[in-house]
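**Q**
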Amino acid sequence: MALAGASGTEVKGVDSADAVSGSEEAAGNLARKFSCVVAATGKVDIVTDGTRLARLDNGTALLKKITGAGCMVGALCAAASAVATDRFAATVAAITTLSVAGELAAEKTALPGSFRVALIDSVYGITGQTVIESGKIRVE
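Positions in the sequence shown are counted from 1; adding 5 to them yields my numbering.
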């Protein structure tokens with residue numbers, strides 16, 4: 006929201022404390038302005054290239070309780086985008102992968118310390134088939 010020029014955005018660390026109202030519009034404007042893919046993670050993650058919009062509805066509240074989840078999703082997005090011809094699809098796949106892995110890790114533990122380890126293990130062992138079967142993706 007701040008990158009799009011929204012004023013009054015309240016932040017908490019690297020996270021926005023504001024509601025997601027307007028985030029889809031702001032992300033779309035940024036994507037069009039810079040000819041890129043923009044993602045915003047939250048309760049429902051969004052990904053847009055300025056034309057297409059995906060809402061991703063996987064994940065767990067435990068992802069907000071650990072450090073490194075944002076860095077991990079950024080690294081997955083970068084790696085997937087580096088080898089893809091469709092960076093929108095690559096970003097959707099990367100974020101969905103981490104979110105589904107988070108759900109799998111949360112099935113093993115409810116404590117943040119052990120969740121972080123379980124998340125890394127889940128990302129390591131996740132398959133494309135698991136992401137396809139478990140991903141909750143809506144594209145417009």
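The beta carbon of each residue, even a glycine, is placed where N, CA and C say it ideally should be.
Among the residues of its own chain, which have a CB less than 8 Å from the CB of aspartate 126, if the five just before and after it don't count?
**A** These residues qualify, in order along the chain: Ala110.
**Q** Can you give the Cα-Cα distance for serine 119 and serine 28, rounded to whole angstroms?
**A** 32 Å
**Q** Which first and last residues belong to the beta strand (DSSP E) in which arginine 143 is found?
**A** 142-144
**Q** Out of Leu124, Phe39 and Phe93, point me to the one whose CA is closest to alanine 66's CA.
**A** The residue from Leu124, Phe39 and Phe93 with its alpha-carbon nearest to that of alanine 66 is Leu124.
**Q** Return the bridge partner residues of isoleucine 51 from the DSSP annotation.
**A** Residue pairing by DSSP places isoleucine 51 opposite Ala45 and Arg60 in a beta bridge.
**Q** I need the DSSP call for isoleucine 125, collapsed to helix, strand or coil.
**A** helix
**Q** What distance in whole Å lies between the Cβ atoms of glycine 107 and leucine 68, which are believed to be in contact at a cut-off of 8 Å?
**A** 5 Å
**Q** Rounded to the nearest angstrom, what separates phenylalanine 39 and glutamate 138 at their Cα positions?
**A** 33 Å
**Q** What do you get for arginine 143, buried or exposed, if any count of 16 or more other CB atoms within 10 angstroms of its CB means buried?
**A** Exposed: under 16 other Cβ atoms inside 10 Å.
**Q** Around the C-beta of glutamine 134, are 16 or more other C-beta atoms found within 10 angstroms, so that it is buried, or is it exposed?
**A** exposed
**Q** By DSSP, does glycine 130 sit in helix, in strand, or in coil?
**A** Helix at glycine 130.
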